[in-house]
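Take any residue in the sequence shown, note its place counting from 1, add 4, and you have its number in our numbering.
Glycine included, C-beta positions come from ideal geometry on N, C-alpha and C.
Written out below as structure tokens is the structure these notes cover.
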Amino acid sequence: MHRTALVTGASRGIGRAIAIGLARRGYDVAVNDIDRQRAALQEVAAEIETLGQRALPVFADVSSKSDVVAMVETVESAFGHLDVIVNNAGILISGDVAGLKEDFWDSVMDVNAKGTFLVVQAALAGMKARKYGRIVNIASIGGKHGAPEQAHYSASKAAVMGFTRVLAQEVGVDGITANCVCPGIILTDMGRVNLDDPAIRNAWQEKTALRRIGDPEDVVGAVAFLASDDAAFITGQTLNVDGGIVLS
């Protein structure tokens, strides 16, 4: 059966890898990011089209309800329906609790937590009408353990996990599953906050059972599985994709 997906924050890093990975598995993919990432997002869309799948760049700030509602309407109109949502859009602004600016806290929570909620809320009516949906929210092992100067990021990702557990209970009767993937230390532009210092990078590498830092492509398989019919009886779960840092 023909499947469609929306991946937020898809212009680079994990989101880009997921969007292209889903296209390789036969999905038509709507790719989202903010307008500042227009050129990069259009490159992702072009790459998806070279794989023989339809691509739709949609520019929206996921922390804005009006943007999100318009985005989902555009995707549903273009594709006819929306089967899979991957809520990947996220930001990280480091700062210790004592000196953390209120607007930094708000920005991180607005994109990471509220953005996930808004995208899901906008897409639920269509999924419920079709009695089918796969929602995969990208959280983080930071939402389980955290790290210094990332209290607000950790809180936002913990919120995503809590939201997903309740969502799964509410929408299961409608044929919709909701799960989280929790990446570990991944080599992305945002991940370099943890990795610029060679000593820090080596320390993280030594913490993994596999003794290496992750690549964005390492996250794709878990997301694709949870988005597939092979995962039809899996919902409300969080899956660590971290090379063996959090062992649970």
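Delimiting residues of the alpha helix (DSSP H) encompassing residue i
i: Asn91; result: It is not in any alpha helix (DSSP H) - Asn91 instead sits in the beta strand (DSSP E) that spans Val88 to Asn91.
i: Asp107; result: Glu106 to Met113
i: Ile22; result: Gly17 to Arg28
i: Val73; result: Lys69 to Phe83
i: Asn206; result: Pro202 to Lys211
i: Thr168; result: Ala155 to Val175
i: Gly130; result: Gly119 to Arg134
Simplified DSSP state of residue i, which is helix, strand or coil
i: Val35; result: strand
i: Ile180; result: strand
i: Thr242; result: strand
i: Ile250; result: One detail in the question is off: residue 250 reads as Val in this sequence, not Ile. It is coil, neither helix nor strand.
i: Gly218; result: strand
i: Ala2; result: Here the chain comprises residues numbered 5 to 252, so residue 2 is not present and cannot be evaluated.
i: Val185; result: strand
i: Ile52; result: helix
i: Ile95; result: coil
Backbone CA spacing between residue i and residue j [nearest angstrom]
i: Ala117; j: Phe108; result: 14 Å
i: Val124; j: Asp246; result: 25 Å
i: Val264; j: Ser232; result: One cannot answer for residue 264 here, as it falls past the ends of the chain, which runs 5 to 252.
i: Gly119; j: Lys69; result: 8 Å
i: His85; j: Gly130; result: 7 Å
i: Asp178; j: Ile139; result: 13 Å
i: Ile95; j: Arg134; result: 32 Å
i: Ala155; j: Val101; result: 7 Å
i: Gly25; j: Leu128; result: 24 Å
i: Gly218; j: Phe63; result: 28 Å
i: Gly30; j: Ile89; result: 15 Å
i: Glu53; j: Pro152; result: 41 Å
i: Gln57; j: Gly137; result: 20 Å
i: Ile180; j: Val79; result: 18 Å
i: Ile38; j: Asp65; result: 6 Å
i: Leu230; j: Thr242; result: 10 Å
i: Gly166; j: Cys184; result: 10 Å
i: Arg40; j: Val227; result: 26 Å
i: Thr8; j: Ala27; result: 9 Å
Cβ-heavy atom distance, residue i to the ligand GDP, below 7 Å
i: Pro220; result: You won't find the ligand GDP in this model; it holds no ligand whatsoever.
Start-to-end residues for the beta strand (DSSP E) that takes in residue i
i: Leu60; result: Ala59 to Phe63
i: Arg138; result: Gly137 to Ile142
Within 8 Å, do at least three Cβ pairs link the segment 7 to 21 to the segment 177 to 193? yes
Tell me whether the segment 39 to 59 and the segment 68 to 80 touch, counting them as touching only if at least three CB pairs, one residue from each stretch, are closer than 8 Å. As far as the Cβ criterion goes, the segment 39 to 59 does not touch the segment 68 to 80, which means the pair count is below three.
Measuring CB atoms only, is the segment 217 to 225 touching the segment 17 to 36, in the sense that at least three cross pairs come out at less than 8 Å? Segments in contact, yes.
Is it true that the segment 136 to 153 meets the segment 200 to 215, where meeting means three or more beta-carbon pairs spaced less than 8 Å apart? no
Using a Cβ distance threshold of 8 Å, determine whether the segment 237 to 244 contacts the segment 156 to 163, with at least three qualifying pairs required. Not touching, per the Cβ criterion.
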